[in-house]
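Numbering (the numbering used here), first residue to last: 2 to 602.
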């Protein structure tokens with residue numbers, strides 16, 4: 002076994018305290034003898050949610066030797082609220098202890114630069130591996146097996162129950178509902194996301210007519226009682242009277258026959274899309290990635306594909322699916338659909354000539370025209386957010402998840418992290434506030450003269466009369482708060498560190514197996530070095546006239562099992578996006594290392 006670099010693990014500290022444990026503080030001393038995987042995450046981040054799902058099998062298989070610790074490290078102001086973190090832990094079925102670290106204290110101690118990041122600590126308390134991004138579960142599982150054997154032989158491995166304590170279930174009718182749909186019958190269909198079901202309610206929004214789905218996480222077609230969903234979200238009515246469901250964690254589109262309650266699969270394989278997978282084809286043969294919402298527009302079902310920052314479309318006639326807009330790069334770029342950038346699109350609403358979308362990570366309201374071009378109505382990018390009304394150019398939202406077309410041509414935005422319902426009027430270019438004190442609204446539907454809001458974190462639907470005048474609120478603006486890295490003006494060496502996991506090698510059979518994309522905000526920050534390439538190291542030239550900004554770095558590496566006897570080795574894709582705030586300072590560093598997998602040198 003190759004000798005590993007070992008660094009003593011810093012203590013786990015956070016002002017918010019611990020969730021899913023009993024007895025207050027939990028420290029590394031209590032975890033000595035166990036293999037600890039520290040998962041730095043934030044609940045707005047779809048890549049973090051992917052990692053939670055990747056770790057479930059490992060967590061179950063090695064429950065007596067491995068302890069996973071989530072360290073919640075917020076991006077948005079709302080994510081620093083302890084109640085919101087407690088809600089998120091339940092919402093996403095997190096079955097391990099979570100440290101709420103609102104001030105990023107542990108994040109800084111571990112020199113983390115991206116969500117998600119996984120750090121492996123051995124039974125003696127040393128850091129032995131670090132991985133940023135998704136796709137590392139296979140490598141970590143292999144490392145865990147090596148650590149189990151090594152420390153069992155040394156007598157330093159301690160088996161037994163971990164410190165996780167499950168919370169008491171709360172018997173509400175809905176549990177973190179996601180989206181809602183008004184049915185022709187006058188009833189409402191709601192995705193009861195955390196319970197892995199759909200619930201049909203009477204028009205009052207409270208009385209249960211029926212539940213569709215077994216309530217157990219799974220990917221099963223069949224009757225209303227047998228069908229299995231996994232955190233379903235978006236709902237849309239098809240021309241044939243059935244409902245299409247964005248089955249988010251199953252990476253699939255499902256069909257609900259309203260008459261019989263039968264559930265079938267329209268698109269997706271149950272596997273998550275990875276770079277290099279097909280981007281179009283027969284719908285049941287193409288992988289999807291966290292479809293969050295659906296809407297019928299131009300005869301096709303458009304899909305907010307949050308997991309890859311794109312819009313896709315499903316053709317009901319041809320039973321095909323494919324990319325409709327977006328490059329998979331995360332950010333806010335308008336233009337032709339094939340060139341546009343999105344950031345976790347999570348809500349859709351169609352009118353005759355526009356497809357409106359809530360682009361959550363850029364806190365933006367955007368739209369697609371009939372010609373496929375992408376436009377931004379409200380929002381500036383990944384790092385600015387808040388609650389500010391007024392002219393759209395300076396108005397601010399905070400991580401909106403839903404959008405609803407209103408009869409007068411304006412749109413209502415479920416401004417999730419501002420706990421508000423906002424309105425944008427294209428005729429005037431003004432943003433106003435319709436309602437406040439809504440707990441994490443994630444969608445809204447029109448019912449007559451009223452609007453019914455999905456109050457996700459209050460586990461209910463709330464009916465509002467659309468007011469003639471908007472509520473006035475005090476303007477608030479925020480910027481993502483992460484400590485800037487001090488770098489020297491001029492030359493900066495960017496090194497993305499990737500070490501193929503044990504038993505694997507870079508896959509070079511069909512050309513380069515790595516990819517690096519670099520850009521900046523503002524664009525003037527980079528004099529040279531932006532763009533795409535295959536080398537994971539690059540020389541950048543920073544503009545001394547720009548004192549601060551953000552470097553956007555996207556890296557990918559593909560590795561395959563290194564076994565000459567295996568003609569078809571299993572391959573694995575590792576990828577991550579970083580947004581690194583930098584401040585140009587004389588005497589600052591001239592090298593920026595970012596760990597994709599391995600240990601920083």
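Note that beta-carbon positions come from the ideal geometry of N, C-alpha and C, so glycine has one too.
Residue 378 is positioned such that its CB atom lies no closer than 8 Å to that of residue 418.
Residue 517: member of the beta strand (DSSP E) spanning 515-522, first to last residue. With a minimum length of 4 residues, the unbroken runs of alpha helix (DSSP H) contained wholly in the stretch 82-106 fall at 83-92. Residue state for residue 116 is assigned as coil, using DSSP reduced to three classes.
About 16 Å separates the beta carbons of residue 366 and residue 354, which is beyond the 8 Å limit, so they are not a contact pair. In terms of Cα proximity to residue 344, the closest of 159, 401, 352 and 90 is 401.
Counting of Cβ neighbours within 10 angstroms places residue 131 among the buried residues, the total reaching 16 or more. Here residue 599 has 498 and 500 as same chain residues with Cβ atoms under 6 Å from its own Cβ, once five neighbours each way along the sequence are excluded. In the three-state reduction of the DSSP assignment, residue 49 falls in the helix class. The stretch 89-104 makes contact with the stretch 155-173, as at least three CB pairs between them are under 8 Å.
The beta carbon of residue 294 sits closer than 7 Å to the beta carbons of 180, 234, 235, 247, 305, 347, 348 and 349 from its chain, once the five residues preceding and following it are set aside; these are given in chain order.
Under the three-state reduction of DSSP, residue 415 is assigned to strand.
The C-beta distance from residue 16 to residue 75 rounds to 12 Å, too long to meet the 8 Å contact threshold.
Residue 260 and residue 203 have their C-alpha atoms spaced approximately 16 Å apart.
Residue 541 is positioned such that its CB atom lies no closer than 8 Å to that of residue 585. Excluding the 5 residues flanking it on each side, residue 550 has same chain C-beta neighbours closer than 7 Å at 521, 522, 523, 526 and 583, in chain order. Boundaries of the alpha helix (DSSP H) harbouring residue 30: 29-32, taken from the DSSP string. The continuous beta strand (DSSP E) containing residue 559 extends over residues 549-562. Excluding sequence positions up to five before and after residue 217, its CB lies within less than 8 Å of the CB of 197 and 229, all in the same chain and listed in chain order. Closest in C-alpha terms to residue 441, from the list 65, 84 and 157, comes 84.
As DSSP reads the structure, residue 306 sits in a beta bridge with 292 and 311. DSSP, read as helix, strand or coil, puts residue 76 in coil. DSSP places residue 376 in the strand class (E or B) of the three-state scheme. In the three-state DSSP reduction, residue 186 falls in the coil class, being neither helix nor strand. Around the CB of residue 117, 16 or more other CB atoms lie within 10 Å, so the residue is classed as buried.
Counting along the chain, residue 148 sits inside the alpha helix (DSSP H) bounded by residues 138-155.
Taking 8 Å as the cut-off, the beta carbon of residue 410 is found no closer than this to the beta carbon of residue 392. A straight line joining the alpha-carbon of residue 333 with that of residue 396 spans about 16 Å. Under the three-state reduction of DSSP, residue 110 is assigned to helix. Only residues of its own chain outside the window of five on either side were considered, and among them 355, 357 and 376 have a CB closer than 6 Å to the CB of residue 368, listed in chain order.
Rounded to whole angstroms, the separation of the alpha carbons of residue 310 and residue 49 is 14 Å. For residue 58 against residue 67, the beta-carbon gap comes to about 11 Å, at or over 8 Å, which does not count as contact. Counted as a single uninterrupted DSSP element, the beta strand (DSSP E) harbouring residue 366 occupies residues 365-370. For the options 341, 9 and 475, the alpha carbon positioned closest to that of residue 389 is the one of 475. Between the stretch 139-153 and the stretch 24-31, the count of C-beta pairs closer than 8 Å stays below three; the two stretches do not touch. DSSP places residue 256 inside the beta strand (DSSP E), whose first and last residues are 253-257.
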